[in-house]
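Q: Once you know that position 238 of the sequence shown is 237 in numbering that gives the first Met the number 0, the rest is easy, because the numbers rise by one and skip nothing. Using N, Cα and C, we set each Cβ at its ideal position, and we do this for glycine too. This structure is a prediction, so every number in the text was calculated from the model and none was measured. A single structure is presented below for examination.
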Amino acid sequence: MKNFTYRSFEEKENIEEILKRRKRKVNRQQIVSVAILVAILAALALYIGHHVYYTELDGYVHVDTNKVRTPFDIYLDSVYVHTGDLVTPGDTLYSYYMLDLLVNSVNPDDEPPMVAVSRNYKLQYETARQQIEVMKVRIAELRKQIAAEDRDIALGLSSNSHKLDLQRELSEAVARLKALQGELGALRRTRDETRVVFQRRRMANDSTLVPQIYDDARAASMRRAVSYRLASDSSIITDVKAPIHMIFFKEEEIMTKQHLNLEANNLKVVAYVPVDKMDKVTNNSRAEVVVNDDVSFRASVSVLGTRTEMIPENLRSYFSKKNTAVIAIFNLDKGQTVPLWALASGMPVAVRIKNFHIFEDEADTARRRPDYYWFTTGKGMMTEKKGGHLVPISDTLRTKTKEKRDERSK
């Protein structure tokens, strides 16, 4: 027999309220669990659907940069542009002097004038001193001859005429000695003065002691020889590498600039295509190139499979030993507006290619290129014609050339 418990009306109401709250709590937990499960399933479905509908490749933007190089040896005088400047055709980039012109006007092998003057004075001083010594010996010899002539005259062995000749030569020698001694004193003083000046300039590190070819470039007479390098196209200066008043030899880089018309600088997108994904990419593939969540643009395959490259380490899979990929080149479709920063050379991008072409236009289908070019050993490059058979690509090229000639003739 069951135990009977009496409950008042108020107690019954409290129990019913507790049960209702528990039921509502359980319902909320079920709803949250179902919502989380639905979100996970939806994310999983989107992920799987995205990878089924798209093939995503890693790649980067490629743009050639213009390097301004000197065509010959120059002395750079001034640079008139800075990094970030926009230049138009005819704007002055830098001024320079042709090095050959300066070298011809001033030989860098020439000796400094002060050194030559000091050496010449020293040579003249030594020459005068040696001549004085010779003259002293000459005077002493003449005096000995005059003394001997006096004895001969006293003994009646000689006439007085020879003595007079010797005395005349002695007088000239004495006068010459005095002149040389005076010249030697002047040379000594001049030599000492030039030596002091030379030492002072050496201590002051005066550049005039050594001939510099750019010294003449600063002269007013050389300003007529200055030349100017002008911009040949509209571009933006990306880097200035050259300090002024320096010598630059042929083909040395002065600055770099980016053409404002990026298409003229081979703007393209380079994508790495793993070998196991080559069936997803053809010559007719169109792609969406994604830079980030806000910036993307459209592109089409222009070159496929002409070379391979090593996949960068940061893009390699740790579970795959195949680190070499086929390179596909994409050209940007016309009529798109993209930020310039998104087309910087080396910009990493994701290339998305649709795996299905359900809504393909018939006109596009008629203009389709062969999906792939083929190679047959012994025959060379082949292309696929209607019906699936292959013909040499040279025949196709000849046919296209003939059609173009016929159109021009019409």
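Relative to the C-alpha of Glu262, which residue among Thr395, Lys333, Ser77, Asp275 is closest?
A: When each option's Cα is compared against that of Glu262, the closest is Lys333.
Q: Determine whether the beta carbon atoms of Val86 and Leu342 lie at a separation below 8 Å.
A: The answer is no: Cβ separation not under 8 Å.
Q: At what residues does the beta strand (DSSP E) containing Glu55 begin and finish?
A: Segment 53-61, the beta strand (DSSP E) holding Glu55.
Q: Counting Cβ pairs closer than 8 Å, one from the region 280-296 and one from the region 248-267, do we hit at least three?
A: The region 280-296 vs the region 248-267: no contact.
Q: Between the C-alpha atoms of Ser206 and His244, what's the straight-line distance to the nearest angstrom?
A: Note that Ser206 scores a pLDDT of 44, beneath 50, so its modelled location is shaky; the value from the coordinates is reported in the next line. Near 15 Å, if we compare the C-alpha coordinates of His244 and Ser206.
Q: By how many angstroms is the C-alpha of Pro369 removed from the C-alpha of Ala327?
A: Near 15 Å, if we compare the C-alpha coordinates of Pro369 and Ala327.
Q: For Gly83, which of helix, strand or coil comes out of DSSP?
A: Here Gly83 sits in coil by DSSP.
Q: Restricting to Cα atoms, I'd like to know which of Glu192, Glu312, Ala241 is closest to Tyr74.
A: Comparing Cα positions, the closest option is Ala241.
Q: Flag this pair as touching only if the region 251-259 and the region 224-236 have three or more C-beta atom pairs under 8 Å; answer yes or no.
A: Yes, the region 251-259 is in contact with the region 224-236.
Q: Give every residue of the same chain whose Cβ lies closer than 8 Å to the Cβ of Met380, excluding the five residues on either side of it in the sequence, and list them in chain order.
A: Excluding sequence neighbours, Met380 sits near Tyr372, Trp373, Phe374, Pro391, Ile392, Ser393.
Q: Return helix, strand or coil for Gln257, following the three-state DSSP convention.
A: Strand.
Q: Flag this pair as yes or no: are the beta carbons of Tyr52 and Asn354 separated by less than 8 Å?
A: Yes, the pair counts as a contact, with Cβ atoms nearer than the cut-off.
Q: Can you check which of these residues, Leu389, Met254, Lys177, is closest to Thr82 by C-alpha distance?
A: Closest option to Thr82, Cα to Cα, is Met254.
Q: Lys401 lies in the alpha helix (DSSP H); which residues open and close that run?
A: Taken as a continuous stretch (DSSP letters only), the alpha helix (DSSP H) holding Lys401 covers 392-408.
Q: Given that a residue counts as buried once 16 or more other Cβ atoms are within 10 Å of its Cβ, and exposed if not, what is Phe247?
A: It is buried - the Cβ of Phe247 has at least 16 other Cβ atoms within 10 Å.
Q: Terminal residues of the continuous beta strand (DSSP E) containing Asp76?
A: Counting along the chain, the beta strand (DSSP E) containing Asp76 begins and ends at 73-78.
Q: Do Ala298 and Val290 count as a contact pair if the criterion is CB distance below 8 Å?
A: No, the Cβ-Cβ distance between Val290 and Ala298 is not below 8 Å.
Q: Pro347 bridges to which residues according to DSSP?
A: Paired residues: Tyr59.
Q: Would you please state the rounded distance, in angstroms, between the beta carbons of Val280 and Val300? I believe it to be under 8 Å.
A: The pair is a contact, with the Cβ atoms about 7 Å apart (cut-off 8 Å).
Q: Please report the straight-line C-alpha distance between Ser94 and Thr64, rounded to a whole angstrom.
A: Taking the straight line from one Cα to the other gives about 22 Å.
Q: Considering only C-alpha positions, which residue in the set Gln144, Lys276, Leu389 is nearest to Ile352?
A: Out of Gln144, Lys276, Leu389, Lys276 has the C-alpha closest to the C-alpha of Ile352.
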